[in-house]
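I have placed the structure first, in the form of structure tokens, so that the comments after it can refer back to it.
Residue numbers (full-length UniProt numbering): 1 to 402.
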């Protein structure tokens, strides 16, 4: 007879679920400050700074001590190992600074990708050796969630079944080890946008990969309510000659997630591809973007029948302070007959996939107000919202860098 092993106590499960919900609370996102020593060198060199430990500390202190109006927008901060043990000028360790602002401290625990023997240039992720001991120490040092990234690529013959299963099991082992130490795992099976594959091919691969990941998580007895998912957006390859609209990209992504991600998962933190950023086409000021899918700012939204006018998202260096949430009228729900109250859905309220899916999901088309323009979504500032075929609502969280 199957057993729930290794068992988590009810208290452990409650702690994990509480941490996960805090990270993806409505209006909050993740600040990714986990650049490796090599990656951060590019940022420092761009401003003429040498890549020294002290300069790296100053850079991260600048992020963690930003304007207090940013605080309500950040639910968690992912740190690099070095950063976890650095301190601000006043002597406070960075984890203490972050917790003092109401955010959860996270840590990147994988050690990068390595070639997977027996495959055509595919990879797996290393770092499982000693992970139990590292997680136990990270928990003592103030970390409450972790991130682990696996990478797959699409070509004529990839991802192979071997690569899918290997990476799914690596993610599941990592997640199980984290939970045994009271750490919420962010599961990140990233499918690279390189290649010439079309949108349909990417959606198919994404569904197969996510299905394998959640099968592995189940096999390893991972408590889903105490996990988070960071999936890729479903997009055609960079070399694909056919161009797809934001609506098509959004529908493919949402369809893949709805088909594979269990409702028990508290939140999803997808990266937004280049095609979905209307402002990346250049220009500033106010822009007109389509209604059906627009990564759009929710702090100041006016609607008409065909489109939404919004303030253009500013660059990270000029991010506007968070606005105070503004009361808005009740929002009709296409899923729950009647009217839902404006604002974040209470936990457990069913609306499409419910308020437990990380952000508010399933409230149709309503004049939502959110917390403004602080934070970046994989390099762009703003709160993002899906509004596809009546499946609208708040979706996603702000995040800085990668």
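C-beta atoms are modelled at their ideal positions from N, C-alpha and C, and glycine is treated no differently.
(message) By the DSSP assignment, the alpha helix (DSSP H) with residue 209 in it spans what residues?
(response) Counted from its first residue, the chain shown places residue 209 at position 209. Boundaries of the alpha helix (DSSP H) around residue 209: 199-219.
(message) The alpha helix (DSSP H) that contains residue 260, what's its start and end?
(response) The residue given as residue 260 occupies position 260 in the chain shown. 246-260 is the span of the alpha helix (DSSP H), which, as asked, contains residue 260.
(request) Compute the beta-carbon to beta-carbon distance between residue 404 and residue 124, rounded to the nearest angstrom, for a pair I have assumed lies under 8 angstroms. (result) Residue 404 is absent from the structure shown; the chain starts at 1 and stops at 402.
(request) Alpha carbon to alpha carbon, how far is residue 155 from residue 242? Give it in angstroms, no decimals. (result) Working through the chain shown from its first residue, we reach residue 242 at position 242. Working through the chain shown from its first residue, we reach residue 155 at position 155. The straight-line gap from Cα to Cα measures roughly 16 angstroms.
(request) Look up residue 107 in the DSSP assignment and give the residues it is bridged to. (result) To locate residue 107, count along the chain shown from 1; it is residue 107. According to DSSP, residue 107 bridges with 79, 146.
(request) Quick one: residues in its chain with C-beta nearer than 7 angstroms to the C-beta of residue 236, no 5 flanking neighbours on either side, listed in chain order? (result) As a working note, residue 236 is residue 236 in the chain shown. Within its own chain, the residues whose Cβ lies closer than 7 angstroms to the Cβ of residue 236, once the five positions on either side in sequence are excluded, are 197, 198, 199, 202, 242, 244, listed in chain order.
(request) Verify whether the separation of the beta carbon atoms of residue 192 and residue 151 is less than 8 angstroms. (result) For the purposes of this step, residue 192 is identified with residue 192 of the chain shown, where counting begins at 1. For the purposes of this step, residue 151 is identified with residue 151 of the chain shown, where counting begins at 1. Cβ distance < 8 angstroms, so residue 192 and residue 151 count as in contact.
(message) By the DSSP assignment, the beta strand (DSSP E) with residue 30 in it spans what residues?
(response) In the chain shown, counting from the first residue as 1, residue 30 sits at position 30. For residue 30, the uninterrupted beta strand (DSSP E) segment begins and ends at 29-33.
(message) With a threshold of 8 angstroms, are at least 3 pairs of Cβ atoms found where one atom belongs to the region 71-81 and the other to the region 101-121?
(response) Contact check between the region 71-81 and the region 101-121: three or more CB pairs, one atom from each, fall below 8 angstroms, which counts as touching.
(message) My parser needs the alpha helix (DSSP H) runs of 4 or more residues fully inside the region 158-187; what are they?
(response) Every alpha helix (DSSP H) of 4 residues or more that sits fully in the region 158-187 is shown, in chain order, as 161-180.
(request) Check whether the region 213-230 touches the region 168-179, counting contact only when three or more Cβ pairs, one atom from each stretch, lie closer than 8 angstroms. (result) Taking one beta carbon from each stretch, the region 213-230 and the region 168-179 have 3 or more pairs nearer than 8 angstroms; the two touch.
(message) Just to confirm, is the Cβ distance from residue 226 to residue 20 under 8 angstroms?
(response) What you label residue 226 is simply residue 226 of the chain shown in a count that begins at 1. What you label residue 20 is simply residue 20 of the chain shown in a count that begins at 1. Going by C-beta atoms, residue 226 is nearer than 8 angstroms to residue 20.
(request) Within the same chain, show all residues whose beta-carbon is closer than 7 angstroms to that of residue 57, passing over the 5 residues directly before and after it, in chain order. (result) On the chain shown, position 57 is the one that residue 57 refers to. Hits under 7 angstroms: 86.
(request) Could you check the C-alpha separation between residue 234 and residue 91 for me, to the nearest Å? (result) Along the chain shown, read from residue 1 onward, the residue named residue 234 stands at position 234. Along the chain shown, read from residue 1 onward, the residue named residue 91 stands at position 91. One C-alpha to the other measures close to 44 angstroms.
(message) Please return the same chain residues whose Cβ sits closer than 8 angstroms to the Cβ of residue 127, not counting the five positions on each side in sequence.
(response) On the chain shown, residue 127 is found 127 positions in, with the first residue counted as 1. Non-local C-beta neighbours of residue 127 in its own chain, meaning closer than 8 angstroms and more than five positions away in sequence, comprise 109, 110, 111, 112, 148, 174, ordered along the chain.
(message) I'd like to check one pair, residue 117 with residue 165: are the Cβ atoms closer than 8 angstroms?
(response) Taking the chain shown and counting its residues from 1, one reaches residue 165 at position 165. Taking the chain shown and counting its residues from 1, one reaches residue 117 at position 117. Not a contact, by the Cβ cut-off of 8 angstroms.
(request) Just mark residue 296 as buried or exposed, buried being the case when its beta carbon has 16 or more other beta carbons within 10 Å. (result) For this step, residue 296 is matched to residue 296 along the chain shown. The pLDDT assigned to residue 296 is 30, lower than 50, so where the model puts this residue is not dependable; a value taken from the coordinates is nonetheless given after this. By the neighbour-count criterion, in which a residue is buried when 16 or more other Cβ atoms sit within 10 angstroms of its Cβ, residue 296 is buried.
(request) Pull up the distance between the alpha-carbon of residue 214 and that of residue 256, whole angstroms please. (result) As a first step, residue 214 must be located in the chain shown, where it is residue number 214. As a first step, residue 256 must be located in the chain shown, where it is residue number 256. For residue 214 and residue 256, the distance between alpha carbons rounds to 13 angstroms.
(request) Flag this pair as yes or no: are the beta carbons of residue 73 and residue 121 separated by less than 8 angstroms? (result) Here residue 73 corresponds to residue number 73 of the chain shown, with the count starting at 1. Here residue 121 corresponds to residue number 121 of the chain shown, with the count starting at 1. No, Cβ-Cβ distance for residue 73 and residue 121 is not below 8 angstroms.
(request) Starting from residue 113, follow the beta strand (DSSP E) in both directions and report where the run begins and ends. (result) Translated into the one-based positions of the chain shown, residue 113 becomes position 113. Unbroken beta strand (DSSP E) run through residue 113: 113-115.
(request) Using DSSP bridges, identify the partner residues of residue 87. (result) Within the chain shown, the letter at position 87 stands for residue 87. 93.
(request) Have a look at residue 190 and residue 133 and give me their C-alpha separation to the nearest angstrom. (result) Position 190 of the chain shown, counted from the start, is the residue given in the question as residue 190. Position 133 of the chain shown, counted from the start, is the residue given in the question as residue 133. C-alpha of residue 190 to C-alpha of residue 133: approximately 26 angstroms in a straight line.
(message) residue 95 and residue 141 - do their beta-carbons sit closer together than 8 angstroms?
(response) Numbered from its first residue, the chain shown carries residue 141 at position 141. Numbered from its first residue, the chain shown carries residue 95 at position 95. Yes; because the gap between Cβ atoms is below 8 angstroms, this pair is in contact.
(request) Determine the contact status of residue 41 and residue 51, defining contact as a CB-CB distance below 8 angstroms. (result) Along the chain shown, one-based indexing puts residue 41 at 41. Along the chain shown, one-based indexing puts residue 51 at 51. Their beta carbons are under 8 angstroms apart, which means residue 41 touches residue 51 by this criterion.
(message) Let me confirm a value: residue 9 is counted as buried when at least 16 other C-beta atoms fall within 10 Å, else exposed. Which label applies?
(response) Locating residue 9 in the chain shown gives position 9, counting from the first residue. Classification of residue 9: exposed, given that the 10 Å Cβ count is below 16.
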